[in-house]
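Here's the structure, in C-alpha cells; my notes come after.
Chains as they are written, first to last, in our numbering: chain A, 1 to 326; chain B, 1001 to 1326.
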C-alpha cells in the first residue's frame, strides 16, 4: 500500500474528469438523446472545465441495426462534428469501442482526420488479446487510448494481475479500474486501486476509475480511488447510466478543488436537461434490486428487467437471486 | 490509527443494529405514522434479528404542542406498550431525549416501570453539562444510555476531544459518532472513528455510528466506521430520515454476515409500508440541495425548505449558500 495522494484542501493537476453521460447514459435510453441535449451537454462540459467528454460507442453496424438505436451507439464522425465542429476547445473527445462488438479497422479512422482525441477500449479479462490488438491499432492511428477492464469483481485476483501485466506492456495511456456490478466495498476498492496504481506508475501510465452506484458506493469508491492515486475519473450528470448509474458529476465538481472546475453550468444543465430526460421516462439510480445484484456481485440484468416490468416484489427477487447462486 | 476490525466473510458479535426509522423518519412526517406502520415495523425488526428499535423522542410537552405532532414525538409509556405489550422479545427499545428540549425528570420514569431499555441523549458539544446530568439521571434510573454528540463536523477538533473526555468519564454505555450534516468524507470519518474508539475502549465503552446521506456517503461511512471499531449502527428503512436521510437498513442487513440477520422481513416491510409512506407524500433521500449543504458542511435546513417549496433552481441555491458562507 502507498500513502494517500492529495488532501481535502488542495488539488491535484493530474486529476481529469470524464463525462460519460452519453455513453453510459445511452444504455438507459438506447442512445436516443435529443440533439439539443447533446449540444447543451457539450457546452456545459466546456464551461464546467471538465477535461473529457465521451460521445458513445463505436458499435459494429453488422452486429447492431442502426434503426434500433440512437446515433450515439455508432458515433459517426459527421454526427460528432455536427455538435462540436472542429472542437476548438480544451475539452477532449472520446468514444468507447467494445472488444468483439465493433469493426475497428473499418470504423476508426486515422486521428489526423478525426475530431476524436481518445479511444477507450472496453474488454473483459478473457478478451485480452483482442483488447491488445485494438490498443496497438488505435495507438498507431495516433489516438490517446484507455483500456477499461470490465467486471473484475467477478474475476480471480490472478487473472486481474495478469491482465494488468499485459496492458502495462502495451502502448495504452490509461488503465481503468471498473466496478461494472457496483459490487466492490471501499476496502476492496482501495486494495485494487493500489495494485493498479503501483503497476501503472512503474511504466509511466495513469489509472482511471469507473464506478457504479448499486450499493450507493460510486462516489465513495471514486474519491477513495483517487486518494489511492487514480487520476482519470468517470462521472455522469446526476449519475445517469445503466441500472443504478454512475458517480455523479455534480458531486465530483463539488468535491474537487481545481479552480478550473465550475459547478454552476453543470447545475443549470441538470435543472433543465436531466429533469427533461427523467420526464421522458428514462429511469436510473439506486434502488433495492440493484443493491441486491451488487451485494451478490452479479450483472445487474435481473434488476434492470425487474424495474422495467415495474415489479416491487423485492423479497421474491432476493429469493430468485439466492437460488441462482446456489 | 488501529488495525481494521473484522473482515468481509465473518461477523463481529459486538455489532448491533438500531432501527431509527420512527425517530429520524419522524422528522420527515412530524411523527405521524399510522399505528399499523409502527406495529409492522416492530414485528419486522423482531423477525429481521435487529437488536434495537427507536420509537421516537421524549420531547417536552411544555415546549411542543401535542396537536402539532404524532405521538412518537413524545413516546408516552402507554403508546409504546400499545405496540409492544410487555415486549417479550430480544429486541431492545430506545427513545431519544434532546438536551434542553425534554423534561427528563418528569417524563422519564424508573426503568423497572418502563418497557424502554435504552435512553439516547442527543447533545451539541456546547451543551455537555446538560448531557452529563441527563446521562447520570437515566443511568441511576436503571437504563442503558447512549450519548449522541451532534453536528461535530462543524466543531473544532479540540472541542470534540474535550467532549469525548467528558463522556468517557460518565456512566454512559455507548458514545455515538454523528454526522448530522452528511458532510464527512470517509478519510475524515475514519480519523474520528479511531479517535472515538480509542477513547471509548480505554474505559470499556462502545462506539456507535449515525450517518446522513447528503453526499451519498451514509452507507460507505457506516461500514468504514465499523471497520474502525464502531459497533452500534443506526440505520432506517430505505434510509427514511431528515433531509437526505440515513444509512439504509436493507443495505446493512445485506452487508453484515451475522446469521441472526434476516433480510426478507425487511424487504417485505419496504415493499408495502415504505411504498405507502412515500405515496402519502413523505419525501426524503439524496438530492442536489442536500449534496450542496453537505459539501458546505451546513445544517440542511435551507435544502429542506428548497425541496418543500418544490424549487429546482439548484444553481440559485448554490449561489445563496456561497453568499451565506462568505
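Glycine included, every Cβ here is placed at the ideal spot set by N, Cα and C.
So, at 6 Å on beta carbons, what are the nonlocal neighbours of residue 98/A in its own chain, with the 5 sequence-adjacent residues on each side left out?
Cβ within range, chain order: 122.
Starting from residue 90/A, trace the alpha helix (DSSP H) in both directions and tell me its first and last residue.
Element bounds for residue 90/A: n/a, residue is neither H nor E.
Measuring from the CB of residue 1272/B, is there a heavy atom of the ligand MG at a distance below 7 Å?
The ligand MG is not among the ligands present in this structure, which contains no ligands whatsoever.
Have a look at residue 1101/B and residue 148/A and give me their C-alpha separation to the nearest angstrom.
When rounded, the distance between both Cα atoms is 54 Å.
Taking just the CA atoms, how far does residue 211/A sit from residue 178/A?
Taking the straight line joining both Cα atoms gives about 6 Å.
May I ask you to report which of helix, strand or coil DSSP gives residue 233/A?
Strand.
Could you tell me which chain A residues have their CB closer than 7 Å to the CB of residue 1268/B, listed as they occur along the chain?
Within chain A, the residues near residue 1268/B are 315.
Of all the residues that make up the stretch 200–216 of chain A, which are near chain B by a beta-carbon distance shorter than 7 Å?
If the cut-off is 7 Å between Cβ atoms, the stretch 200–216 of chain A has 215, 216 near chain B.
Spell out the partners DSSP gives residue 144/A in its beta bridges.
BP columns for residue 144/A point to 118/A.
Given this structure, state the Cα-to-Cα distance separating residue 1286/B from residue 168/A, to the nearest angstrom.
Cα to Cα, the separation comes out at about 39 Å.
Extract the residue ranges of the alpha helix (DSSP H) inside the stretch 1289–1322 of chain B, only unbroken runs of 4 or more that lie entirely within it.
Listed in chain order, the complete alpha helix (DSSP H) runs (minimum 4 residues) inside the stretch 1289–1322 of chain B are 1301–1308.
Could you list the residues in the stretch 253–265 of chain A with a C-beta less than 9 Å from some C-beta on chain B, going in chain order?
Answer set for the stretch 253–265 of chain A: 254, 255, 263, 264, 265.
So which residues of chain B does residue 251/A contact, with C-beta pairs closer than 9 Å?
What residue 251/A touches in chain B: 1215, 1216, 1291, 1295.
Could you work out which residues of chain B lie near residue 222/A, taking near to mean beta carbons separated by less than 7 Å?
In chain order: nothing, as chain B lies at least about 11 Å away.
With distance defined between alpha-carbon atoms, name the residue in 1090/B, 1120/B, 1128/B, 1142/B nearest to residue 1114/B.
With distances taken between Cα atoms, residue 1114/B lies closest to 1142/B.
Quick check: is the beta carbon of residue 288/A nearer than 8 Å to any beta carbon in chain B?
Answer yes: the Cβ-Cβ gap between residue 288/A and chain B drops below 8 Å somewhere.
So within the stretch 1001–1032 of chain B, which uninterrupted beta strand (DSSP E) runs reach at least 3 residues, ignoring any that extend past its ends?
With a minimum length of 3 residues, the continuous beta strand (DSSP E) runs that stay inside the stretch 1001–1032 of chain B are 1016–1019.
According to DSSP, simplified to helix, strand and coil, what is residue 1177/B?
Correct three-state label for residue 1177/B: strand.
Check residue 97/A in the structure and name its three-state DSSP category.
Residue 97/A falls in the strand class under three-state DSSP.
Which residues in the same chain as residue 1208/B place their Cβ atom closer than 8 Å to its Cβ, once the five residues preceding and following it in sequence are excluded?
Hits under 8 Å: 1018, 1146, 1148, 1174, 1175, 1176, 1177, 1230, 1231, 1232, 1233, 1234.
Is it the case that the Cβ atoms of residue 303/A and residue 243/A are separated by a distance below 8 Å?
For residue 303/A and residue 243/A, yes; Cβs fall inside 8 Å.
Using the Cα positions of residue 1047/B and residue 205/A, report the straight-line distance between them to the nearest angstrom.
Each residue's Cα considered, the two are about 52 Å apart.
Which residues mark the beginning and the end of the alpha helix (DSSP H) in which residue 196/A is found?
186–201 is the extent of the alpha helix (DSSP H) around residue 196/A.
Would you check if the distance between the CB atom of residue 31/A and the CB atom of residue 65/A is smaller than 8 Å?
No, they are not a contact pair.
For the beta strand (DSSP E) that contains residue 54/A, what are its first and last residues?
Run containing residue 54/A: 52–57, per the beta strand (DSSP E) assignment.
Work out the CA separation of residue 1250/B and residue 315/A for me, nearest whole Å.
Distance between the alpha carbons of residue 315/A and residue 1250/B is about 11 Å.
Which stretch, first to last residue, makes up the beta strand (DSSP E) that contains residue 211/A?
Note, residue 211/A: beta strand (DSSP E), 206–211.
Do the stretch 1084–1095 of chain B and the stretch 1122–1141 of chain B make contact, defined as three or more Cβ pairs closer than 8 Å?
No: the two stretches stay apart, fewer than three of their Cβ pairs being nearer than 8 Å.
How far does the alpha helix (DSSP H) with residue 167/A in it reach, from first residue to last?
Per DSSP, residue 167/A belongs to the alpha helix (DSSP H) from 157–168.
On the three-state DSSP scale, how would you describe residue 1270/B?
It is helical.
Using 8 Å as the limit for Cβ to Cβ distance, is residue 1302/B near chain C?
Of the protein chains in this structure, namely A and B, none is chain C.
Classify residue 221/A as helix, strand or coil using the three-state DSSP reduction.
Residue 221/A falls in the helix class under three-state DSSP.
Just mark residue 319/A as buried or exposed, buried being the case when its beta carbon has 16 or more other beta carbons within 10 Å.
Its Cβ having fewer than 16 others within 10 Å, residue 319/A is exposed.
Sort out for me which residues DSSP pairs residue 1123/B with in a bridge.
1149/B.
Looking at the C-beta of residue 1187/B, does it have a partner C-beta in chain A at a distance below 8 Å?
At least one chain A Cβ lies under 8 Å of residue 1187/B.
Pull up the DSSP beta-bridge partners for residue 1255/B, would you.
In the DSSP output, where bridge partners are listed per residue, residue 1255/B has none listed.
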